[in-house]
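Numbering (our numbering), first residue to last: 158 to 347.
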């Protein structure tokens, strides 16, 4: 597991190293300690060094910032990155948490530049276009599958109530409440 954590830190540092603005922003918080938790099974302690890069930290000291990721973080990272960032809970030092949130929200991986260094500009450009097209197709396919499951569960099988049924039920509850209130008034007069 330490190998996976170390690999993740190296990847994160590669992204930050390619964006000097991110390094500058994090450099201000050198020495800060972070605890990243994703469910009950995964947690990693990180520290920020003087270059604005992360390193694995040890010890059980209270972290300056605690980031709690939702259980479905890997899926959200692939399908809806903006929604992932809005669901991360940040606790601790406001300055460090604000800088981390800004960096992670605005940090982009220039995969084309990294591929170009390995295989050349034209093949990298084409691979990235193919990858984006494939990703868009997978997202659209997943969306269509969810829409089909929703349609089946609501319209065809009746497993879930539709909006009209929920609205009719709410109206019926409101009418019953009003009828009971009128009955109570009549009974109180007797």
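The beta-carbon is built from N, C-alpha and C at its ideal position, and this holds for glycine as well. Every value quoted in this text rests on a predicted model; they were computed, and no experiment measured them.
Worksheet item: Going by the CB atoms, is the gap between residue 201 and residue 162 shorter than 8 Å?
Response: Position 5 of the chain shown, counted from the first residue, corresponds to residue 162. Position 44 of the chain shown, counted from the first residue, corresponds to residue 201. The answer is yes: Cβ separation under 8 Å.
Item to complete: Compute the Euclidean distance between the alpha carbons of residue 254 and residue 248, then round it to the nearest angstrom.
Response: Indexing the chain shown from 1 puts residue 254 at position 97. Indexing the chain shown from 1 puts residue 248 at position 91. Cα to Cα, the separation comes out at about 7 Å.
Worksheet item: Do the stretch 203 to 212 and the stretch 169 to 177 meet, that is, are 3 or more Cβ pairs less than 8 Å apart?
Response: yes
Practice prompt. Flag this pair as yes or no: are the beta carbons of residue 194 and residue 226 separated by less than 8 Å?
Written response: Here the question's residue 194 lines up with position 37 in the chain shown. Here the question's residue 226 lines up with position 69 in the chain shown. Yes, Cβ-Cβ distance for residue 194 and residue 226 is below 8 Å.
Practice prompt. Please name the residue or residues paired with residue 200 in a DSSP beta bridge.
Written response: Reading the chain shown from its first residue, position 43 is the one you call residue 200. Note: residue 200 sits in a beta bridge opposite 194.
Worksheet item: Should residue 245 and residue 224 be called a contact, given that it needs their Cβ atoms to be closer than 8 Å?
Response: In the chain shown, the residue the question calls residue 245 occupies position 88. In the chain shown, the residue the question calls residue 224 occupies position 67. Yes, the pair counts as a contact, with Cβ atoms nearer than the cut-off.
Practice prompt. Let me know if residue 334 comes out buried or exposed under the rule of 16 or more other beta-carbons within 10 Å of its beta-carbon.
Written response: For the purposes of this step, residue 334 is taken as the residue at position 177 of the chain shown. Classification for residue 334: exposed.
Discussion item. Let me confirm a value: residue 256 is counted as buried when at least 16 other C-beta atoms fall within 10 Å, else exposed. Which label applies?
Written reply: Position 99 of the chain shown, counted from the first residue, corresponds to residue 256. Buried is the call here.
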